[in-house]
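Everything below concerns the one structure shown next.
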Amino acid sequence: MKRGLFGRLAVQGIFRNRRATLPYMLSCTGIVMMAFLMQVLAGTDSLTEVYGARTLRRTLEFGTVIIQIFAVITLFYTHSFVVKQRTKEFGVFYVLGLEKKHIARIMAWETILIMLVTTALGIGLGVVFSKLMYLILLRLLGTGLMPQLHLPTRAFVQTILLFGVIHTLTLLNSVRQVATSRPVDMLRSGNVGEKDPPARVWLAIIGTICLLGGYALSLTTHDMTSAAYRFFLAVLLVILGTYALFLAGSVSILKGLRRNKRFYYHSRHFHVVAGLIHRMKRNATGLASICILSTMVLVMISATASMFIGKEGALRRQLGREAVFTLIHTQDEAQENLAIQTIRDVATEQGIPVNNPITYRTQEVWATFDEGMTRSYPPGVSLYPGDDFEPALNVQFTLVDAEDFARLTGHTRALASSEALAVPVSAQNFELPNTFPLYDLNVHVVEWLDSAWPVRHFATYGALRVLLVMPWDDTRALHRAFYADVPELLN
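So our numbering is basically just the index in the sequence shown, starting at one, shifted up by 631.
Here it is as structure tokens:
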């Protein structure tokens, strides 16, 4: 064969079928740009200077995986239309003397050319818009910092590899279709009616389970530490369930209607049901993609709007005071008074009025609620989200002196040893028994209070948090039991 023949045939085929290849190339370019932008924002070192960078990066990494999954499904779907438009042309090539291996080489050239053009354009547009998206992200974060954006090399490499793999898979799928087709069938592809799609009930059942499981995960998640991971899993299940239901569930329902002879053999139902069966076979993936994209847009807009509209209220709920000072690991009253006086002196020097100050003593202990209360963490272990622990089983207890609680809230109740008042801080959905062992003490909750505590500055680290109001001797005993292995933290 003449050198360069397959390359020229590939270029001619792309231009000749531009009504099919142009939309495919545009969709490839757009998806490459989106994937590249997500890779840049998730991988740039510029965000390390921004407060909350770790959480932001983890969220963007979740979004990157979702975009990659969506890219695979969408490009396979759009590429199937291109192959369908080219089937008759490939049959003509076969009649003119080309073998199937030659047709495969033409398809390989087309895939390489389309991949190079769309990947280059997508990355180029991603570079152009990356600065804009970066500035928008910083604006949304409300940070005063404006670090210079550095495009990570990893974003270029991962984007090229991702779409190289996707285009390779679409090529292999196309070659498989040509290799298993007869030349006569390829020539007559435009005149042959579509086969009746099978009713894959098993796929419809799997789709229903995935969809219900995804929504169940999203509705039953209350702990903030595991919320991101569970939400990511819920998104995957909903995407898979939506595609499965559109592909198999719709056809199964329509075929069920067709089996109902009294319904199907009716002048108004016959043509509609018969036509919908084949339309859903052709367009199920596209309709599912539209539904998923629409849902993503609505969720993104509503979630972002709710966070920004409600952020002031959330701050007021969590931070009830303008300034909070904590003196750690001390039982020396003179030292406490010195610290309070120092704060007042500094505020006076700076011209800052001190209004409505409050002071109180607390102790912190962690415990695992599993057949009784036992210590779950030695002191010094990181308790931030993302560490390897089961947050739903862990409770963070803030122990407050009963006298301080009565002074601050006006709620007075005589408490005997081991008795406590309980205030849920972030454990509204956690059923703590009224009597439970906590280290060396058998705690008995005599009353649950809703919102009697006036100070709201607790960081819960994603765990369940309960305020226990107890006699000070009991709080000291629990504190000593919790830090028994670290005596230097005890006074």
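Where is the CB? At the ideal position from N, CA and C, for every residue including glycine.
Just so you know, these numbers come straight off a predicted model, no measurement behind them.
According to the Cβ coordinates, are residue 997 and residue 968 closer than 8 Å?
Within the sequence shown, residue 997 is the residue found at index 366, counting from 1. Within the sequence shown, residue 968 is the residue found at index 337, counting from 1. Residue 968 sits away from residue 997, with the two beta carbons spaced by 8 Å or more.
Looking at residue 731: is its Cβ nearer than 8 Å to the Cβ of residue 809?
One-based indexing of the sequence shown puts residue 731 at position 100. One-based indexing of the sequence shown puts residue 809 at position 178. Yes; because the gap between Cβ atoms is below 8 Å, this pair is in contact.
Decide if residue 946 is buried, meaning its Cβ has at least 16 other Cβ atoms within 10 Å, or exposed.
By one-based count along the sequence shown, residue 946 stands at place 315. Note on residue 946: under 16 other CB atoms within 10 angstroms of its CB, so exposed under the neighbour-count rule.
Select from 651, 944, 703 and 852 the residue whose C-alpha is nearest the C-alpha of residue 804.
Along the sequence shown, one-based indexing puts residue 804 at 173. The candidate whose alpha carbon is nearest that of residue 804 is 703.
Given a threshold of 16 other Cβ atoms within 10 Å of its Cβ, counted over all protein chains shown, does residue 923 qualify as buried or as exposed?
Start at 1 with the first residue of the sequence shown, and residue 923 comes out as number 292. Taking all protein chains shown into account, residue 923 has 16 or more neighbouring C-beta atoms within 10 Å of its C-beta and is therefore buried.
Taking the continuous alpha helix (DSSP H) assigned at residue 1097, which residues delimit it?
The count along the sequence shown starts at 1 and reaches residue 1097 at position 466. Note, residue 1097: premise wrong, no alpha helix (DSSP H); beta strand (DSSP E) at 1095-1101.
Assign residue 665 to buried or exposed, taking buried as 16 or more other Cβ atoms, counted over all protein chains shown, within 10 Å of its Cβ.
Taking the sequence shown and counting its residues from 1, one reaches residue 665 at position 34. Residue environment analysis places residue 665 among the buried positions, since at least 16 neighbouring C-beta atoms fall within 10 angstroms of its C-beta.
Contact check, residue 645 vs residue 652 under 8 Å by CB: the rounded distance?
Counting from one through the sequence shown, the residue named residue 645 turns up at place 14. Counting from one through the sequence shown, the residue named residue 652 turns up at place 21. About 5 Å separates the beta carbons of residue 645 and residue 652, which is inside the 8 Å limit, making them a contact pair.
Validate contact between the segment 672-689 and the segment 759-778 using beta carbons, cut 8 Å, 3 pairs
Cβ pair count under 8 Å is three or more, so yes.
Take residue 811 as the anchor and find which of 896, 721, 741 and 841 has the nearest alpha-carbon.
Walking along the sequence shown from the start, residue 811 turns up at place 180. Closest option to residue 811, judged by alpha-carbon separation, among 896, 721, 741 and 841: 721.
Taking its Cβ as the centre, do 16 or more other Cβ atoms sit within 10 Å of residue 1113, making it buried, or is it exposed?
Locating residue 1113 in the sequence shown gives position 482, where the first residue counts as 1. With 16 or more Cβ atoms within 10 Å of its Cβ, residue 1113 is classed as buried.
From 727, 798, 774 and 669, pick the residue whose C-alpha is nearest to that of residue 754; which is it?
Looking up residue 754 in the sequence shown gives position 123. Answer by Cα proximity: 669.
Is the CB-CB distance between residue 835 and residue 879 below 8 Å?
Residue mapping note: residue 835 aligns to position 204 of the sequence shown, counting from 1. Residue mapping note: residue 879 aligns to position 248 of the sequence shown, counting from 1. Here residue 835 is near residue 879, since their CB atoms are less than 8 Å apart.
Taking 8 Å as the cut-off, does the segment 902-909 touch the segment 860-878 (at least 3 CB pairs, one atom from each stretch)?
The segment 902-909 and the segment 860-878 do not touch, with fewer than three beta-carbon pairs separated by less than 8 Å.
I'd like to know if residue 661 contacts chain D, where contact means its C-beta is closer than 8 Å to some C-beta of that chain.
Included in the structure is just one protein chain, with no chain D present.
Going along the chain, which residues of its own chain have a beta-carbon closer than 7 Å to the beta-carbon of residue 797, five neighbours each way excluded?
Your numbering for residue 797 matches position 166 in the sequence shown. The residues are 702, 703 and 706.
Mark residue 980 as exposed unless 16 or more other C-beta atoms lie within 10 angstroms of its C-beta, in which case mark it buried.
Indexing the sequence shown from 1 puts residue 980 at position 349. Residue 980 comes out exposed.
Nearest-angstrom Cα distance between residue 982 and residue 972?
Against the sequence shown, residue 982 aligns to sequence position 351. Against the sequence shown, residue 972 aligns to sequence position 341. Distance between the alpha carbons of residue 982 and residue 972 is about 15 Å.
Between the Cα of residue 848 and those of 868, 839 and 829, spot the shortest distance and give me the residue it belongs to.
To locate residue 848, count along the sequence shown from 1; it is residue 217. Nearest option by C-alpha distance: 868.
Starting from residue 1029 and walking both ways along the beta strand (DSSP E), at which residues does that stretch end?
Counting from one through the sequence shown, the residue named residue 1029 turns up at place 398. Per DSSP, residue 1029 belongs to the beta strand (DSSP E) from 1025-1032.
In this structure, what does DSSP give as the bridge partners for residue 1073?
One-based indexing of the sequence shown puts residue 1073 at position 442. Paired residues: 1068.
Taking buried to mean at least 16 other C-beta atoms within 10 Å of its own C-beta, is residue 977 buried or exposed?
Your numbering for residue 977 matches position 346 in the sequence shown. With fewer than 16 neighbouring CB atoms inside 10 Å of its own CB, residue 977 falls in the exposed class.
Buried or exposed: where does residue 1079 fall if 16 or more other Cβ atoms within 10 Å of its Cβ makes it buried?
Start at 1 with the first residue of the sequence shown, and residue 1079 comes out as number 448. An exposed status is given to residue 1079, since fewer than 16 other beta-carbon atoms sit within 10 Å of its beta-carbon.
N- and C-terminal bounds of the beta strand (DSSP E) containing residue 1063
Translated into positions along the sequence shown, residue 1063 becomes position 432. First-last for residue 1063: undefined, no H or E at that position.
Determine the DSSP secondary structure at residue 780, reduced to helix, strand or coil.
Position 149 of the sequence shown holds residue 780. Three-state result, residue 780: coil.
For residue 1053, which residues in the same chain have their Cβ closer than 8 Å to its Cβ, ignoring the five residues on either side in sequence?
On the sequence shown, residue 1053 is found 422 positions in, with the first residue counted as 1. Once the five neighbours on either side are set aside, the close Cβ partners of residue 1053 are 1063, 1076, 1078, 1079, 1080, 1097, 1098, 1099 and 1100.
Only counting the same chain, and skipping five residues up and downstream in sequence, which positions put a Cβ closer than 6 Å to that of residue 814?
As a first step, residue 814 must be located in the sequence shown, where it is residue number 183. Correct list, in chain order: 722 and 725.
Could you have a look at residue 1010 and say whether DSSP puts it in helix, strand or coil?
The count along the sequence shown starts at 1 and reaches residue 1010 at position 379. A caution first: residue 1010 carries a pLDDT of 43, below 50, which makes its placement in the model too unreliable to give a value.
Would you please state the rounded distance, in angstroms, between the beta carbons of residue 673 and residue 691? I believe it to be under 8 Å.
Here residue 673 refers to the residue found at position 42 when the sequence shown is read from its first residue. Here residue 691 refers to the residue found at position 60 when the sequence shown is read from its first residue. Confirmed, Cβ separation roughly 4 Å.
First through last residue of the alpha helix (DSSP H) which encompasses residue 832
Residue mapping note: residue 832 aligns to position 201 of the sequence shown, counting from 1. 832-851 is the span of the alpha helix (DSSP H), which, as asked, contains residue 832.
Can you tell which of 845, 1043, 735 and 1051 has its C-alpha closest to the C-alpha of residue 1030?
Counting from 1 along the sequence shown, the entry for residue 1030 is found at position 399. When each option's Cα is compared against that of residue 1030, the closest is 1051.
Do you know offhand how far residue 640's Cα is from residue 741's?
Counted from its first residue, the sequence shown places residue 640 at position 9. Counted from its first residue, the sequence shown places residue 741 at position 110. C-alpha separation (whole angstroms): 9 Å.
Determine the closest residue to residue 638 out of 901, 717, 649 and 745, with distance taken between C-alpha atoms.
The count along the sequence shown starts at 1 and reaches residue 638 at position 7. The residue among 901, 717, 649 and 745 with its C-alpha nearest the C-alpha of residue 638 is 745.
Mind checking who residue 993 pairs with in its DSSP beta bridge?
The count along the sequence shown starts at 1 and reaches residue 993 at position 362. Answer by DSSP bridge pairing, in chain order: 1031.
Measure the alpha-carbon distance for residue 954 versus residue 990 and round it to whole angstroms.
Locating residue 954 in the sequence shown gives position 323, where the first residue counts as 1. Locating residue 990 in the sequence shown gives position 359, where the first residue counts as 1. Per the coordinates, the alpha-carbon of residue 954 lies some 12 Å from the alpha-carbon of residue 990.
Under the DSSP definition of a beta bridge, which residues are partnered with residue 1055?
Taking the first residue of the sequence shown as position 1, residue 1055 is located at position 424. According to DSSP, residue 1055 bridges with 1097.
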